[in-house]
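Peer 1: Numbering of the sequence shown is given in the numbering used here, commencing with residue 24 and proceeding in unit increments. Don't be surprised by glycine CBs; every beta carbon is placed ideally from N, CA and C.
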Amino acid sequence: MGSKERYHWQSQNVKQSGVDDMVLLSKISEESIVENLKKRYMDDYIFTYIGPVLISVNPFKQMPYFTDREIELYQGAAQYENPPHIYALTDNMYRNMMIDGENQCVIISGESGAGKTVAAKYIMGYISKVSGGAEKVQHVKDIILQSNPLLEAFGNAKTVRNNNSSRFGKYFEIQFSRGGEPDGGKISNFLLEKSRVVNQNENERNFHIYYQLIEGASEEQRQNLGIMTPDYYFYLNQSATYKVDGTDDRQEFHETLDAMQVIGIPQQQQQLVLQIIAGIMHLGNIGFRECGNYAQVEDSDLLAFPAYLLGIDQTRLNDKLTSRKMDSKWGGKTESINVTLNVEQASYTRDALAKGLYSRLFDFLVEEINKAIQKPYEEYSIGVLDIYGFEIFKKNGFEQFCINFVNEKLQQIFIELTLKAEQEEYVQEGINWTAIDYFNNKIVCDLIESKLNPTGIMSVLDDVCATMHATGEGADGTLLQKLQAAVGCNEHFNSWNSGFVIHHYAGKVSYDVNGFCERNRDVLFTDLIELMQSSEYGFIRMLFPEKLDVDKKGRPTTAGTKIKKQANDLVNTLMKCTPHYIRCIKPNETKRPKDWEESRAKHQVEYLGLKENIRVRRAGFAYRRVFKKFLQRYAILTPETWPSWRGDERQGVQHLLQSVNMDYDQYQMGRSKVFVKNPESLFLLEEMRERKFDTFARTIQKAWRRYIARRKYEQMREEASSILLNFKERRKNSINRNFVGDYLGMEDRPELRQFIGKRERIDFADSVNKYDRRFKSIKRDVILTPKHLYMIGREKVKKGPEKGQIKEVLKKKIEIQTIKAISLSTKQDDFFILHEVEYDNLLESVFKTEFLSLLCKRFEELTKGKLQLSFSDTLQFKVKKEGWGGGGTRNVVFSRGQGDLTMIKPAGKTLNVSIGDGLPKNTKPSRKSAPQSRGQPGYHQTKKHGPPSRGLPPTPRDDYRNGAAQFSRNTPQQDQMYTSPNKHGKAPPATALVKHGATNKARQVSSSCDMEFLNVPDQGVAGQQRKKSISKRPQPGVGRPKPQAKAAAPKCRALYQYVGQDVDELSFNVNEVIDVLLEDASGWWKGRLRGKEGLFPGNYVQKI
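This is the structure in structure tokens:
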């Protein structure tokens, strides 16, 4: 069986695979964690919890549980109500933001290819779906979602580790109104890997946009932009890799253009963006040769196309690539001289221009997205951090050094907030606590970024760059010597002949120092800026806004300094939010589903600190809140704390916890906070709080509905009766009765609700009699919604595990606008015919007036026309064709009989119906403008203590139910497969029929090159220190809080069936047991049945 069939979230027989939350593992070790993750991964369960932390394993395939159905399932649900899912974490973030009024963020971490970018997309997609909003808000949502394909096209590329690797860091802040609608946003981008524009490693590609343009350009674009095959361009052919499995570059090119359109980039600017991309590709084909120690362009014809695309002079381009203007200071005077470049310097200048153009274009796109969704002020926000993962390549340069530094900083946040800060908080608050050791990677962060005592690697690098005057290996060699002197004694640092090694938290990485200084300087020479400012295109000039005539003072900012500042700013931003964590794990290097590399998974489990995370979680407390906030949230649970506690806050919290019977071992009182141990205890508090609010809301709703009903019910009855006025006789007992609508109790009937749309409102629901071609009566549940009419019956299951059981079956679903007409007699009977195109339905319902009035109203809303009603004592209806026999017609003839009971007599193709005279056809409901006197029907005066007083119905006789006449039949009674109240027939028997129980509804990569760098890295000193963590047995978990004991309420058993005649009355069947809440002298008792409270007549029941 495939995973899609097996995986069903709400089914009770879903396959259990390991544990959902690894806090519950019986043994805490790296091996047991890996085994649990593997078991779940192989069964297609990619998500697992460690308390609030979500572990996500990359499945390398599309999973079936990211549909709208799952979005509905997780919306508003508690975390542990459903299986682990990224939607659960996202919903928790969103609700916390709305409830607590605090900004949230999610930190997605893991190595390259672990699935971080996809996780970020699912988060943004979920928020877009569950948050409401008008047209403006929808526009913001569209931009948020469309920013993904645009930034991926320009910022992602294929690497040996990941086919869609983010080569930049992104922190996406989605801003919300106080009503929870996304109405703005902001993107911060970090360290685009510019070097990829001009050079790629083996088996890698340049940024996706180049290949998208080559594959997707129209014929006109190919001509105008000089598009050739990718192997023609030097910037693309160095790695000889042009295609990515499973990626359609042509399709994605059109998605990129659509995204630019949605974001609001004008068509002309879109064309110039593509022009710059093509210009960079052509720029790379300009080669140089040595001519008397100076560089000369090999083929001057290759200058023409990039000059044309960039709108610059071809001769000036030639000059600026082969020479440079330098300022010489002598004797207090500054003189500019032109220096001719050698081949190496000319190639560097060409590459610097290409990288500068591309990075500024990327910054422009980010800024355009920000402009489209910017908001003048901030209210609430959710931040999503999707940043390049920790990576190790065959050759690791300056970019990998910066990327891995940022990952060290993110790991430090995780350690600070989940391991270090949590334990320190327990000590500060005076909570009993046994410390748990862990590896703190702050020592590695300091090794890289420290400014003083000792100086870090980045500071040494900046010092070397400040004193270097030319490109070449000399500066890099100096850097290596100075690093050895400054940090050589650090146990997390080693040097080798071509570079240095850092013992990162994720393992040892060897960095090649060649090119470090040049890439750190990140200088775009003045000549090149002047060249681009001379472009005929204002758009390109706008990308180079520098004012070159202003004297610059001080040292230029290096790339290392920028990324260090960005990383620390990011950390400060994240620290101001309530953080959530997704730890992504890459199960293999083959990028194939169901392939599990044990050593790789174990290595990630170790360096991510999952074991220590579980230990702290098990021994710690799931929830903590300052006393004041705790009291504010749960004050409603007791009268003493609501609306506010008068007295010491600590005592107020203790009173609250004691009043809900929470065990003492479930919580501890700190100095300023209360600590609750298990999530289950918190869920219990939340559930009780929800119930309180729900009770109050229901009370308010009930009072409001009663008020509205009193004002409107006369009008409703008059409108309904006007349909039959002057056409049909009326029954005495129905002319003044109240309309209820739902006579089946649909709230408590999931077996019926399954056929109705989740958000479809029910106007009317009742059990009716349907007559077939032989005039045999069978029960049908008729449910009317604004657009459809449902007919539901029962059938016995003939095969399978549920064989012999009675199941509800949808017999018919009718679109209201397809109903042609309704036919009725002129007598007081309850028959009516529903005419459709193919065949008709003969139905009988005591609530026909209410049903038909609602049906006519809905028909008019949908068709803007009136539903045809015809009245005659000889009616005809078409019957359904069966087999080879024709359908034909049947007749119903009505005649005057005796009394109020309907007598029916089939005779061939005719049904004869006789009934006595009813009220005259011109009878209208009586008006009751003032409250009626006690004892009259419809009286609703509420006493101060006890239920409303109203006319008590008489005790039923054998031929009456609720005072409405029953209909005798001279045809044999059929056995009916039905569970709802039987509205016809004789008085209820002494024992009710046994109800049919509702059944449970379950709802490998070959390459000639050396790929050893893909192996699991040596853990180094960081790994050894991590292993020194002392294993301590966690404190045993304890059970849920004890529920408060309740006194048993008196009960009564129904002697007769009763159908409530008002919104506050209970309906029940014979032998149903009702909890008695109040016995009133008026005869109207108050009780509870199936979770619903209401009034009922005491003479219909017997106390037990």
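Whole angstroms is fine: what's the gap from Val869's alpha carbon to Lys843's?
Peer 2: 22 Å
Peer 1: Which residues does DSSP pair with Asp409 in a beta bridge?
Peer 2: Ile131 and Lys193
Peer 1: Between which two residues does the beta strand (DSSP E) carrying Leu924 extend?
Peer 2: Per DSSP, Leu924 belongs to no beta strand (DSSP E) and is neither H nor E.
Peer 1: Where DSSP assigns a beta bridge to Ala930, which residues make up the other side?
Peer 2: Thr933
Peer 1: Report yes if the CB atom of Met147 is closer than 8 Å to the CB atom of Leu173, and no otherwise.
Peer 2: no
Peer 1: Please determine if the region 49–67 and the region 615–624 are in contact, where contact requires at least 3 C-beta pairs separated by less than 8 Å.
Peer 2: yes
Peer 1: Got a sec? Which residues, its chain only, sit under 6 Å from Thr372 by beta carbon, not counting five neighbours each side?
Peer 2: Leu344
Peer 1: Would you check if the region 393–409 and the region 110–127 touch, i.e. whether three or more CB-CB distances between them fall below 8 Å?
Peer 2: yes
Peer 1: Just checking, does the region 408–423 make contact with the region 529–544 on the three C-beta pairs under 8 Å criterion?
Peer 2: Yes, since at least three Cβ pairs between the region 408–423 and the region 529–544 fall closer than 8 Å, the two stretches touch.
Peer 1: Going by alpha carbons, who is nearest to Ile837 out of Lys850, Lys802, Ile779 and Arg817?
Peer 2: Ile779
Peer 1: Could you check whether the region 690–701 touches the region 83–96, counting it as contact only if at least three pairs of C-beta atoms, one from each stretch, sit closer than 8 Å?
Peer 2: These segments do not touch.
Peer 1: Drop a sphere of 10 angstroms on the beta-carbon of Thr581, count the other beta-carbons inside from all chains shown, and report buried for 16 or more, exposed for fewer.
Peer 2: buried
Peer 1: Which residues bound the beta strand (DSSP E) around His527?
Peer 2: Gly522 to His527
Peer 1: Can you check which of these residues, Lys634, Tyr646 and Val524, is closest to Lys515 by C-alpha distance?
Peer 2: Going by the sequence as given, residue 515 is His instead of Lys. If we check each option's Cα against that of His515, Val524 comes out closest.
Peer 1: What residues are listed by DSSP as bridge partners for Trp456?
Peer 2: The partner list for Trp456 (beta bridge, DSSP) is empty, contrary to what the question assumes.
Peer 1: Is it the case that the Cβ atoms of Leu408 and Tyr194 are separated by a distance below 8 Å?
Peer 2: Between Leu408 and Tyr194, the gap from beta carbon to beta carbon is short of 8 Å.
Peer 1: Is it the case that the region 743–752 contacts the region 937–950, given that we only count it when at least three CB pairs across the two stretches are under 8 Å?
Peer 2: yes
Peer 1: Taking DSSP as the reference, what is the three-state secondary structure of Tyr1123?
Peer 2: Looking at Tyr1123 - three-state DSSP - the assignment turns out to be helix.
Peer 1: Determine the DSSP secondary structure at Asp765, reduced to helix, strand or coil.
Peer 2: strand
Peer 1: Within 10 Å of its beta-carbon, does Pro1073 have 16 or more other beta-carbons around it, so buried, or fewer, so exposed?
Peer 2: Exposed, by the Cβ-count rule.
Peer 1: Can you tell me whether Ala1077 is buried or exposed, with buried defined as 16 or more other CB within 10 angstroms of its CB?
Peer 2: buried
Peer 1: With distance defined between alpha-carbon atoms, name the residue in Tyr331, Asn463 and Val683 nearest to Glu710.
Peer 2: Val683
Peer 1: Helix, strand or coil for Leu1100? Go by DSSP, reduced to three states.
Peer 2: Strand at Leu1100.
Peer 1: In terms of DSSP beta bridges, what is Cys314 paired with?
Peer 2: Tyr317
Peer 1: To the nearest angstrom, report how far apart Phe719 and Gly202 are at their CA atoms.
Peer 2: 22 Å
Peer 1: If we call anything under 8 Å between Cβ atoms a contact, is Ile659 one with Phe706?
Peer 2: no
Peer 1: Please name the residue, chosen from His678, Asn701, Glu1088 and Val676, that lies closest to Asp688 on a Cα-to-Cα basis.
Peer 2: Asn701
Peer 1: With the cut-off set at 8 Å, would you say Asn341 and Ser370 are in Cβ contact?
Peer 2: With contacts defined as CB atoms closer than 8 Å, Asn341 and Ser370 fail to qualify as a contacting pair.
Peer 1: Using C-beta distances below 7 Å, list every residue in its chain close to Glu663, excluding the 5 sequence neighbours before and after it, in chain order.
Peer 2: Contacts found: His678.
Peer 1: Do Arg796 and Val915 have their C-beta atoms closer together than 8 Å?
Peer 2: no
Peer 1: Can you give the beta carbon distance from Phe567 to Gln292, rounded, assuming they're within the 8 Å contact cut?
Peer 2: Distance from Phe567 to Gln292 at the Cβ level is roughly 16 Å; contact not present, criterion being Cβ atoms closer than 8 Å.
Peer 1: Does the region 173–183 come into contact with the region 444–459, if we say contact requires no fewer than three beta-carbon pairs (one atom in each stretch) closer than 8 Å?
Peer 2: no
Peer 1: Which residue from Thr279, Ala458, Lys826 and Glu238 puts its Cα closest to that of Asp272?
Peer 2: Measuring from the Cα of Asp272, the nearest candidate turns out to be Glu238.
Peer 1: Just to confirm before moving on: does the CB-CB distance between Phe421 and Gly538 stay below 8 Å?
Peer 2: yes
Peer 1: Which runs of the beta strand (DSSP E) spanning at least 3 residues fall entirely within the region 616–674, listed in chain order?
Peer 2: 646–649
Peer 1: Apply the 10 Å Cβ neighbour rule to His108 and answer buried if 16 or more other Cβ atoms are within range, or exposed otherwise.
Peer 2: buried
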